[in-house]
Amino acid sequence: QVEVYGVLDLAVTSDSDAGKRVTKVDSGQQTASRLGIKGSEDLGSGLRAIFDVESQIEADTGQPSFAGRPFGSQSWVGLSGPFGAVRAGRMFTPYFGAIATNDPFDAKGPGESTRVFYDSGVRMDNTVKYSLPPTLGGVYGDLAYGAGEAAGNSQANRQLSGDIGYTAGPLNVVLAWHSANDALGMKLARSHLLGGSYDFGRIKGWLVLARSRNDSTLDTRDTLFGLSVPVGRHLIAADYVHKSDFANRDADATQLALAYYHTLSRRTNLYLIGSQLSNDGAASYQVTLPGGTRRVIAAGMRHQF
Amino acid sequence: QVEVYGVLDLAVTSDSDAGKRVTKVDSGQQTASRLGIKGSEDLGSGLRAIFDVESQIEADTGQPSFAGRPFGSQSWVGLSGPFGAVRAGRMFTPYFGAIATNDPFDAKGPGESTRVFYDSGVRMDNTVKYSLPPTLGGVYGDLAYGAGEAAGNSQANRQLSGDIGYTAGPLNVVLAWHSANDALGMKLARSHLLGGSYDFGRIKGWLVLARSRNDSTLDTRDTLFGLSVPVGRHLIAADYVHKSDFANRDADATQLALAYYHTLSRRTNLYLIGSQLSNDGAASYQVTLPGGTRRVIAAGMRHQF
Amino acid sequence: QVEVYGVLDLAVTSDSDAGKRVTKVDSGQQTASRLGIKGSEDLGSGLRAIFDVESQIEADTGQPSFAGRPFGSQSWVGLSGPFGAVRAGRMFTPYFGAIATNDPFDAKGPGESTRVFYDSGVRMDNTVKYSLPPTLGGVYGDLAYGAGEAAGNSQANRQLSGDIGYTAGPLNVVLAWHSANDALGMKLARSHLLGGSYDFGRIKGWLVLARSRNDSTLDTRDTLFGLSVPVGRHLIAADYVHKSDFANRDADATQLALAYYHTLSRRTNLYLIGSQLSNDGAASYQVTLPGGTRRVIAAGMRHQF
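Chains as they are written, first to last, in my numbering: chain A, 174 to 478; chain B, 174 to 478; chain C, 174 to 478.
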């Protein structure tokens with residue numbers, strides 16, 4: 174079967190940076206606006222052909238989120254079966270997947286951890302990915318290789334990303350890593366991450382601990398503590414995100430975020446999300462000037478179809 | 174429910190400008206070619222989630238009508254209910270809506286009034302729009318605010334557009350206005366419009382009177398008189414469009430258009446549309462050289478799905 | 174009815190050029206990856222409205238195959254009936270259609286003849302095409318005119334392309350021609366082609382003979398011999414493609430290709446395709462340096478929906 178699906182998420186935001194406040198209408202403050210077509214075909218013997226082609230949209234202007242790439246969100250085809258699944262194409266990195274799964278803000282909007290975290294680029298081109306089957310008693314995992322496609326240098330621009338996790342009842346825990354090379358084939362970044370969440374019933378706790386390094390300019394530790402509290406049609410979420418930079422002096426950053434979601438239906442909700450991102454004197458995450466503070470409040474609506 | 178819809182409209186045109194005639198194959202001579210996905214969801218209590226994402230296509234070449242913006246026609250999400258509807262995203266300006274509704278050519282193709290009219294840019298980015306509910310005994314109206322999104326200057330590039338109308342039986346009448354600022358926050362244009370149509374049965378009459386001004390370079394009056402005559406599967410339409418320029422000497426322009434539509438089904442028709450646009454000596458609407466005359470004849474087919 | 178359809182085709186390729194081998198993930202090594210919407214409407218009296226809008230995708234990166242043209246694969250509307258069919262828009266040239274139909278690799282991927290053949294540009298903008306009806310006892314044919322759209326010079330950039338063929342049981346044979354002018358209205362290329370295939374049951378044979386010329390720099394002969402052998406779920410295909418250049422010395426090229434297809438379902442298959450393209454000293458088809466040899470092996474999966 175083939176399914177047309179999508180998300181339209183638009184918000185009015187109040188955004189201040191370098192002492193200047195601006196009111197905007199922004200797309201994707203809870204979830205990226207998108208259109209996609211996905212499907213699967215039963216091939217017998219437990220084998221299925223699977224695919225997904227997805228366009229991410231800045232719905233406030235009608236532009237694709239990736240300039241010149243209308244299908245830049247995902248485009249892949251693969252086979253799944255008792256052995257797991259193999260996919261080829263453009264897709265999310267397992268490393269980013271591990272961040273998003275353990276971030277109460279799903280790594281999107283004013284509260285997303287990846288505004289300060291090393292995010293591995295979020296997506297990989299020219300990728301082949303193997304995923305474990307969902308039959309291993311809660312153990313899951315992925316291994317992805319992104320070809321650099323540089324003639325005569327198989328190390329240039331190549332990426333390797335993986336995760337291995339365990340989920341059981343209220344618990345989810347995952348270990349992820351990402352290795353990216355630069356255009357010369359040297360280390361661009363090596364990242365490791367431990368993520369997890371635990372659903373206590375009335376409250377859910379979230380945690381991400383990550384470290385990214387290369388041989389010279391990069392040595393950072395990323396930390397996220399989060400919690401979310403569902404009450405009927407209401408959901409409160411909050412997190413604390415911190416980057417410690419060991420390669421550069423006075424270059425840490427801290428983000429605090431708080432959100433309220435009001436459920437209108439299984440597919441539709443309203444939201445109010447605010448965050449404050451504070452940079453140390455030599456850091457400039459999400460700000461124009463080093464040491465700046467960015468404050469964003471977004472009031473919006475997300476509709477999924 | 175979610176609906177995939179669209180229009181494919183292609184014509185052979187004969188187009189003369191500056192004494193040179195060229196034969197072309199052109200898209201959207203009756204209605205813009207497009208693909209869209211729209212839908213709504215019942216949220217209970219009369220509330221609905223509504224959305225539309227639309228791509229306008231130059232179907233003669235496969236290019237998007239808005240370069241680099243595959244979803245540049247419309248992309249918005251909103252809520253409708255007893256109170257009316259609120260939408261956020263990219264959408265048509267109420268001012269353009271009032272032109273199109275009262276133009277027998279639906280503001281498109283060789284006869285479109287907006288080839289000489291001030292058209293308010295047709296669409297607005299970063300917009301929030303409120304619309305009256307359809308339960309007010311024929312009164313309708315919209316108010317749209319397009320954020321300029323300039324840091325530290327909330328007046329820069331902002332737009333405000335609205336309309337208020339009344340429809341009853343054969344009558345439709347609407348008042349619309351549009352206020353657009355430039356990048357410095359100064360008046361780019363202030364426009365007011367009175368539009369209407371009356372269906373006499375055998376003949377329908379159309380009228381638009383508009384005025385656009387700013388503090389210096391812009392002071393024009395736009396006028397449209399139109400009529401349309403349906404006879405079974407046939408429809409004849411004609412209009413006279415005139416621009417009077419009070420800010421520039423010898424800069425008026427006049428367009429005459431005539432069309433024949435042949436209905437093949439509720440969704441499909443053939444058409445033959447011709448127009449002549451004459452510029453005064455200092456005007457250059459739709460022509461290469463000031464004072465030129467543009468003549469276009471289009472023979473085409475429109476299919477809606 | 175309206176139909177959303179598509180192809181996702183991705184492969185791991187090993188590609189060597191100028192002595193450098195590179196491993197890549199590539200899209201469309203058997204069939205171009207794409208998304209499309211097509212449909213038809215019964216208008217009575219045997220008349221139908223028909224349309225197709227198609228996006229070709231490089232699924233390894235999510236980019237459109239035609240930069241800036243998300244609907245660059247096809248976009249047309251037309252009428253079909255007892256008289257045949259008339260289409261307007263962007264579409265494949267009849268000349269390319271005749272190549273693709275008689276190439277065991279469907280003119281795509283490492284074995285495609287058009288890596289060395291003159292291919293007429295594959296698609297035409299601004300085109301009106303007439304096709305014979307499918308009721309002529311096996312005779313088929315198309316005539317397409319692509320307007321150059323240059324003011325004052327109706328010969329500039331115009332294209333004319335046609336084919337006339339006959340199919341009966343195991344036999345298909347087609348004659349095609351293409352005439353393309355340059356921006357000055359001079360001969361860019363005049364091409365003629367004889368193509369055919371015959372299905373002997375256990376083996377199918379394929380043939381294309383073509384010649385392209387202009388008044389000065391172009392005079393080439395293109396030749397393809399192919400065969401394909403289906404055995405249950407398996408299909409073997411091979412071809413020999415040769416370009417003889419009579420306008421330039423030492424500028425011939427030869428391509429040999431071999432493929433194995435493994436059918437998983439009517440819509441899904443795996444494939445392994447390899448080709449070697451050898452250039453004479455002054456030729457540089459698909460290579461960086463004149464006289465080079467290009468070797469490509471692609472192992473992939475194609476899913477149609």
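Yeah, the Cβ is synthetic: ideal placement off N, Cα and C, and Gly gets one too.
Among the options, nearest to residue i - alpha-carbon criterion
i       : options                               : result
R394(C) : Y339(C), T287(C) and A320(C)          : T287(C)
A455(C) : R475(C), P463(C) and A323(C)          : P463(C)
A472(B) : L431(B), Y458(B) and N452(B)          : L431(B)
I446(A) : G282(A), D199(A) and L333(A)          : G282(A)
V381(C) : W249(C), K416(C) and A258(C)          : K416(C)
D199(A) : V346(B), D298(B), W350(B) and S253(B) : D298(B)
P343(A) : T427(A), L400(A), Y371(A) and A324(A) : Y371(A)
D336(C) : V180(C), I272(C) and S448(C)          : I272(C)
S211(C) : R207(B), R331(B), A349(B) and S385(B) : Residue identity differs from the one stated: residue 211(C) is Lys in this sequence, not Ser. Residue R207(B) is the option with its Cα nearest to K211(C).
F224(B) : S213(B), I230(B) and W379(B)          : S213(B)
F239(B) : P243(C), Q236(C), F239(C) and A420(C) : P243(C)
Y458(A) : A424(A), T436(A) and Y433(A)          : A424(A)
S248(A) : K377(C), G201(C) and M264(C)          : G201(C)
G399(A) : G217(A), G378(A), A341(A) and F419(A) : G378(A)
T461(C) : L391(C), G374(C), D190(C) and Y178(C) : D190(C)
Y313(B) : L429(B), A341(B), G321(B) and V177(B) : A341(B)
Chain-ordered chain A contacts of residue i [CB-CB under 8 angstroms]
i       : result
E214(B) : S438, R440, T441, H476 and F478
R263(B) : A232, D233, T234 and G235
Three-way DSSP call (helix, strand, coil) for residue i in this model
i       : result
F265(A) : strand
T234(C) : coil
R468(C) : strand
G192(B) : coil
R384(B) : strand
A271(A) : helix
R475(A) : strand
R375(B) : coil
T308(A) : coil
T204(C) : coil
S213(B) : strand
S218(C) : coil
R296(B) : strand
S457(A) : coil
S448(C) : strand
S364(B) : strand
Neighbour list for residue i in chain A, Cβ cutoff strictly below 9 angstroms
i       : result
L408(C) : Under the 9 angstroms cutoff, chain A gives no residues; its nearest Cβ is about 17 angstroms from L408(C).
Sheet register partners of residue i (DSSP bridge)
i       : result
S327(A) : BP columns for S327(A) are empty, so no partner.
M359(C) : DSSP lists no partner for M359(C).
A240(C) : Per DSSP, none; premise fails for A240(C).
P403(B) : L408(B)
G254(A) : G257(A)
Y303(A) : V259(A) and L316(A)
Amino acids of chain C, ordered along the chain, whose beta-carbon sits closer than 7 angstroms to that of residue i
i       : result
L445(B) : Chain C residues near L445(B): none, gap ~14 angstroms exceeds 7 angstroms.
T197(B) : Correcting the residue type first, residue 197(B) is Lys in the shown sequence and not Thr. Under the 7 angstroms cutoff, chain C gives N299, A320 and E322.
S281(B) : Checking the sequence shown, residue 281(B) turns out to be Lys, not Ser. Ordered by position in chain C, no residue passes the 7 angstroms Cβ test against K281(B), which lies about 16 angstroms from the chain.
K193(B) : A324 and G325
Chain-ordered neighbours of residue i on chain B, where CB pairs are closer than 9 angstroms
i       : result
I210(C) : V177, G179, L208 and F478
Amino acids of chain C, ordered along the chain, whose beta-carbon sits closer than 8 angstroms to that of residue i
i       : result
L183(B) : W249, V250, A261 and G262
Interface residues of chain A facing residue i [CB-CB closer than 7 angstroms]
i       : result
A258(B) : By Cβ distance, chain A contributes nothing, its closest Cβ being about 12 angstroms from A258(B), past 7 angstroms.
Proximal chain B residues relative to residue i, where beta-carbon distance stays under 8 angstroms
i       : result
A222(C) : L437, S438, R440, T441, M474 and H476
F239(C) : G235
Residues from the segment 241-254 of chain C in contact with chain B, defined by Cβ distance under 8 angstroms: G241, R242, P243, F244, G245, S246, Q247, S248, W249, V250, G251 and L252
Contacting positions in the segment 293-305 of chain B - beta carbon closer than 9 angstroms to chain A: R296, D298, N299, T300 and V301
Chain-ordered residues of the segment 360-392 of chain B with a beta carbon less than 8 angstroms from chain C: Answer set for the segment 360-392 of chain B: empty.
The segment 326-350 of chain C: positions lying closer than 8 angstroms to chain B by Cβ: S327
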